[in-house]
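Chemist: First the structure, which I've put down as structure tokens, then a few questions once you've had a look.
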Amino acid sequence: MPTGAGKSLCYQLPAVSKNGTAIVISPLIALMKNQVDQLNSFGINAHFLNSTLSKSESNRVKGEVTAGLTKLLYVAPESLTKEENVQFLKNADISFVAIDEAHCISEWGHDFRPEYRKIKSIIAQIGENLPVIALTATATPKVQQDIQRNLQMEEADLFKSSFNRTNLYYEVRPKMKNDTKKEIIKYIKSQKGKSGIIYCLSRKKVTEIADLLKVNGINAAPYHAGLDGHVRVKNQDDFLNEEVDVIVATIAFGMGIDKPDVRYVIHYDVPKSLEGYYQETGRAGRDGLEGHCLMFYRYEDIVKLEKFNKDKPVNERENAKVLLQEMAAYAESSVCRRRFLLHYFGENLGKDCGFCDNCKKSKETFDGQDDILTVIKAVKETNQRFSMDHIVSMIRGEKDDYIESYDHDKLSTFGQGKDKDTIHWKTVIRQTMIYGLLDKDIENYGVLLLSDKSESYLKEPYPIKISKNHNFEEMAESISSEELSNMGKAYDEKLFELLKAERKKVAKVKNLPPYVIFQDPSLEEMATVYPTSKEELAQINGVGMGKVAKFGASFLRLIEKYVEENEIITASDVVVKTSGTRSKVKITIIQQIDRKIDLDEIANNLNISMSELLHEIEQIIYSGTKLNINYYIQNIMDDEREDILHDYFMTADTDKIREAMAELEEDDFSEEEVRVYRIKFISDHAN
Ligand SMILES: [Zn+2]
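Using the working numbering, you'd call the opening residue of the sequence shown number 25 and step up by one each time.
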């Protein structure tokens, strides 16, 4: 049953109507108190028994259970395994046992907990023939089977409600370095006043994204397990009370949070499994109204996650890898998202949903009839005993020891698809499964089986359209190159020309080359976001407060007049402001230069190369901070050579190093010398 569909009611109601106490086993200690408080507020006697209780508190709880007053007793699996608790429960009048989050039993699931494996034997100790109910909101057919087996309840009645959340819109976009952050800011600004959650994988990312949103005027707060308890509680409460619009969180956030009007869930990082993805996206639109599930994806993130798993035991590592591959397959597939998701959870939608990005966008398709036949034949010829990878290698005619040892190179389908690549064949196999023409073996994970429709398709095939996978790397590239080519038009060209003219005027008055005042990219940015206050101007790349004070006034007047005359709504809400905190490295550099330490030594101290150090210093001075490195320049060149460089930069059209090197060829300067001098020049004249 999906999250929010009323799972708890399935055991709460019988617990109230039956005699005795129902035991509810739940792994979420943090939520037990909430659940118990809620029940108590309805006048139902409920308690919890876990490690957070003191001795006297737990004695009081036990007293009420023994007296037959308690209807529901929530227990953590760790507490359940304690001998004294088992003895106590044995003597109590227990109505039944409910196992919440039952997928934790299965090592095939995404949230395996070893102590859950012991539950069955403990229930047996507590009482003979105790009724048992197990509940979960995320379980693939494999996990469902595993739960039933482990609890020895394969004969039990199975109730499954549809996992389909029809009000959720699923979308996957390519993840690109800086553009994705910009996209998220733009997106959130377009959702004014609505509640949303952004999931990131690491605490560090959570902090970074939350800070970024805050400096861009978005009411956001972070949430992760590393925060102080009271900060975490405050941020969560602020989100629930709508003091905060956006919560940026690791997956630690959301368990048991019942905010009905979350309008969007963004995955900045790809989750570790489709179960996790489904659970997290499930927190959107609990009230049945709109819910946008937006994930940013790139394959690199999958690779990164795989690396995290390398220290796990072999078995767990292999399972984690399978989950990740399913996640990647979902993201890259152009099949209806809902169809793919529901198929993963063992449900057949039968048709495309019309309400996901893959349904909305036109996509490249091809007639897959022949390829589907090849795939089904290959599974049949190999006696339904092999996984997708093996079938693909065989169809592609890749001879290896494994294939030869089974004589698979002698089969009719061997090499039949060698003209098409591995991705093509995997796409075909996945879609053949989604259309129900092949099945996955639950017993032997990953093994492909014929379905009840396979034979009839072999006899009477019909055309089926297969859609090509998304190529996210290509998409990312084409988007960024498109954006690059658009950049020329992205800014207000008329304003840009006016700003350039102003720069020329100012340069003339100050007797400086124009680039020293502001560089072209800074003017372009001004002509994009129309800063009209000193603070806004200081946010432009390469400007900073120092430059605003020195050169900013006339530029601000010009922009203000232009904005007024042309009735422009300033677009400062589109620009991504980076959080102003300087990195530690930069602060160290500034401090050491103040103490006149040689640059070589600073580089040494920081364990970076000279070139990297110069790059850091360039960033510092181009954002408007003054640095005095005369002490160093005097060490490395005499006055005469300083004059040559000074004259060059004073008259040059640009401060580009390459052009300087070409122009100064005869004087035999090293690149380092030119760069160092340029730092002095910009710092002296521009800042
Ligand atoms: Zn769809």
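From the three backbone atoms N, C-alpha and C, an ideal C-beta is built for every residue, glycine too.
Note that the structure is a prediction, hence the values are computed from the model and not measured.
Report the CB separation of G30 from D117 in whole angstroms; it is logged as a contact under 8 Å.
Modeler: If you number the sequence shown from 1, residue 30 lands on position 6. If you number the sequence shown from 1, residue 117 lands on position 93. In fact, because the Cβ distance is near 27 Å, the residues do not count as touching under 8 Å.
Chemist: Examine ligand 1 and report whether any of its heavy atoms sits within less than 7 Å of the Cβ of N382.
Modeler: As a first step, residue 382 must be located in the sequence shown, where it is residue number 358. Within the cutoff, so yes.
Chemist: Using three-state DSSP, classify I621 as helix, strand or coil.
Modeler: Position 597 of the sequence shown, counting from 1, holds the residue named residue 621. I621: coil per DSSP, three-state reduction.
Chemist: Would the segment 227 to 239 count as touching the segment 340 to 357 if we require 3 or more Cβ pairs under 8 Å?
Modeler: In short, these stretches do not touch, since the Cβ pair count stays below three.
Chemist: Measuring only from the beta carbon, is R361 closer than 7 Å to any heavy atom that is part of ligand 1?
Modeler: Your numbering for residue 361 matches position 337 in the sequence shown. Checking every heavy atom of ligand 1 against the Cβ of R361, one is found closer than 7 Å.
Chemist: Rounded C-beta distance between S145 and D170? I'm assuming under 8 Å.
Modeler: Locating residue 145 in the sequence shown gives position 121, where the first residue counts as 1. Locating residue 170 in the sequence shown gives position 146, where the first residue counts as 1. Not quite, the Cβ-Cβ distance comes to about 16 Å (not below 8 Å), so this is no contact.
Chemist: Note down, in chain order, each residue of its chain lying with its Cβ closer than 8 Å to the Cβ of D622, except the 5 sequence neighbours on either side.
Modeler: If you number the sequence shown from 1, residue 622 lands on position 598. Once the five neighbours on either side are set aside, the close Cβ partners of D622 are Y656 and N659.
Chemist: Shortest alpha-carbon distance to C317 belongs to which of I644, K258 and I221?
Modeler: Position 293 of the sequence shown, counting from 1, holds the residue named residue 317. It is I221 whose Cα lies nearest to the Cα of C317.
Chemist: Work out the CA separation of K345 and R363 for me, nearest whole Å.
Modeler: Looking up residue 363 in the sequence shown gives position 339. Looking up residue 345 in the sequence shown gives position 321. Whole-angstrom Cα-Cα distance: 22 Å.
Chemist: Compute the beta-carbon to beta-carbon distance between A710 and K571, rounded to the nearest angstrom, for a pair I have assumed lies under 8 Å.
Modeler: In the sequence shown, residue 710 corresponds to position 686, counting from 1. In the sequence shown, residue 571 corresponds to position 547, counting from 1. Confirmed, Cβ separation roughly 7 Å.
Chemist: From Y486 to L435, what distance separates their C-alpha atoms?
Modeler: Counting from one through the sequence shown, the residue named residue 486 turns up at place 462. Counting from one through the sequence shown, the residue named residue 435 turns up at place 411. Their backbone Cα atoms lie some 24 Å apart in a straight line.
Chemist: Under the three-state reduction of DSSP, which class applies to M661: helix, strand or coil?
Modeler: Along the sequence shown, read from residue 1 onward, the residue named residue 661 stands at position 637. Note: M661 maps to coil in three-state DSSP.
Chemist: Just how far apart, CA to CA, sit L5 and A70?
Modeler: Residue 5 is absent from the model: the chain starts at 25 and stops at 711.
Chemist: When DSSP labels each residue in this structure, what does V48 get in the three-state scheme?
Modeler: Your numbering for residue 48 matches position 24 in the sequence shown. If DSSP states are grouped into helix, strand and coil, V48 belongs with the strands.
Chemist: State the DSSP-derived secondary structure class of E591, mapped to helix, strand or coil.
Modeler: Locating residue 591 in the sequence shown gives position 567, counting from the first residue. It is coil, neither helix nor strand.
Chemist: By the three-class DSSP mapping on this structure, what secondary structure does L582 have?
Modeler: On the sequence shown, residue 582 is found 558 positions in, with the first residue counted as 1. DSSP places L582 in helix when its eight states are reduced to three.
Chemist: Can you find a heavy atom of ligand 1 that lies under 7 Å from the Cβ of C377?
Modeler: For this step, residue 377 is matched to residue 353 along the sequence shown. Yes.
Chemist: Among D476, D413 and E467, which residue has its Cα nearest to the Cα of T451?
Modeler: Position 427 of the sequence shown holds residue 451. When only C-alpha atoms are compared, the closest one is D413.
Chemist: Assuming the contact rule is C-beta atoms closer than 8 Å, K620 and E640 should be a hit. Round their C-beta distance to whole Å, please.
Modeler: By one-based count along the sequence shown, residue 620 stands at place 596. By one-based count along the sequence shown, residue 640 stands at place 616. Not quite, the Cβ-Cβ distance comes to about 17 Å (not below 8 Å), so this is no contact.
Chemist: Please report the residue range of the alpha helix (DSSP H) in which A352 lies.
Modeler: For the purposes of this step, residue 352 is identified with residue 328 of the sequence shown, where counting begins at 1. From DSSP, the alpha helix (DSSP H) with A352 extends over V338 to E356.
Chemist: Quick one: give me the first and last residue of the beta strand (DSSP E) that Y98 is part of.
Modeler: Here residue 98 corresponds to residue number 74 of the sequence shown, with the count starting at 1. Unbroken beta strand (DSSP E) run through Y98: L96 to V99.
Chemist: Figure out for me which residue from L113, I415 and N109 has the closest Cα to the Cα of G92.
Modeler: Along the sequence shown, one-based indexing puts residue 92 at 68. Nearest C-alpha to G92: L113.
Chemist: For a quick check, are the C-beta atoms of Q303 and T190 less than 8 Å apart?
Modeler: Within the sequence shown, numbered from 1, the residue matching residue 303 stands at position 279. Within the sequence shown, numbered from 1, the residue matching residue 190 stands at position 166. Cβ distance not < 8 Å, so Q303 and T190 don't count as in contact.
Chemist: Name, in chain order, the residues that DSSP records as bridge partners for R197.
Modeler: Taking the sequence shown and counting its residues from 1, the one referred to as residue 197 is at position 173. Beta-bridge pairing links R197 to F320.
Chemist: I need the straight-line Cα distance from D395 to Q440, nearest angstrom please.
Modeler: Taking the sequence shown and counting its residues from 1, the one referred to as residue 395 is at position 371. Taking the sequence shown and counting its residues from 1, the one referred to as residue 440 is at position 416. Answer to the nearest angstrom: the Cα atoms are 9 Å apart.
Chemist: From H254 to A273, what distance separates their C-alpha atoms?
Modeler: Against the sequence shown, residue 254 aligns to sequence position 230. Against the sequence shown, residue 273 aligns to sequence position 249. Their backbone Cα atoms lie some 16 Å apart in a straight line.
Chemist: Are A684 and V700 close, meaning C-beta to C-beta below 8 Å?
Modeler: On the sequence shown, position 660 is the one that residue 684 refers to. On the sequence shown, position 676 is the one that residue 700 refers to. Result no, Cβ atoms of A684 and V700 do not sit closer than 8 Å.
Chemist: Could you give the DSSP three-state label for G87: helix, strand or coil?
Modeler: As a working mapping, residue 87 is identified with position 63 in the sequence shown. The answer is helix: DSSP assigns G87 an H, G or I state.
Chemist: Is the beta carbon of Y672 sitting closer than 8 Å to the one on E687?
Modeler: Within the sequence shown, numbered from 1, the residue matching residue 672 stands at position 648. Within the sequence shown, numbered from 1, the residue matching residue 687 stands at position 663. Yes. Within cutoff.
Chemist: What residue range does the beta strand (DSSP E) around L472 cover?
Modeler: Sequence index remark: in the sequence shown, residue 472 carries index 448 (1-based). It spans L472 to L474 - the beta strand (DSSP E) in which L472 sits, taken as one unbroken run.
Chemist: Classify V121 as buried or exposed, calling it buried when 16 or more other Cβ atoms lie within 10 Å of its own Cβ.
Modeler: In the sequence shown, the residue the question calls residue 121 occupies position 97. Per the 10 Å Cβ criterion, buried.
Chemist: State the DSSP-derived secondary structure class of D679, mapped to helix, strand or coil.
Modeler: Counting from one through the sequence shown, the residue named residue 679 turns up at place 655. Coil, per DSSP.
Chemist: Determine whether the beta carbon atoms of F320 and Y292 lie at a separation below 8 Å.
Modeler: In the sequence shown, residue 320 corresponds to position 296, counting from 1. In the sequence shown, residue 292 corresponds to position 268, counting from 1. Yes.
Chemist: Three-state secondary structure (DSSP) at S219?
Modeler: For the purposes of this step, residue 219 is taken as the residue at position 195 of the sequence shown. If DSSP states are grouped into helix, strand and coil, S219 belongs with the strands.
Chemist: If you count every other CB in all the chains shown that lies within 10 Å of the CB of S509, and 16 or more means buried, which is it?
Modeler: Position 485 of the sequence shown holds residue 509. Confidence at S509 is low in this model, with a pLDDT of 44, below 50, so the placement of that residue should be treated as unreliable; the coordinate-derived value is given next. It counts as exposed.
Chemist: Work out the CA separation of E625 and D618 for me, nearest whole Å.
Modeler: Locating residue 618 in the sequence shown gives position 594, where the first residue counts as 1. Locating residue 625 in the sequence shown gives position 601, where the first residue counts as 1. The alpha-carbon atoms of D618 and E625 are separated by roughly 14 Å.
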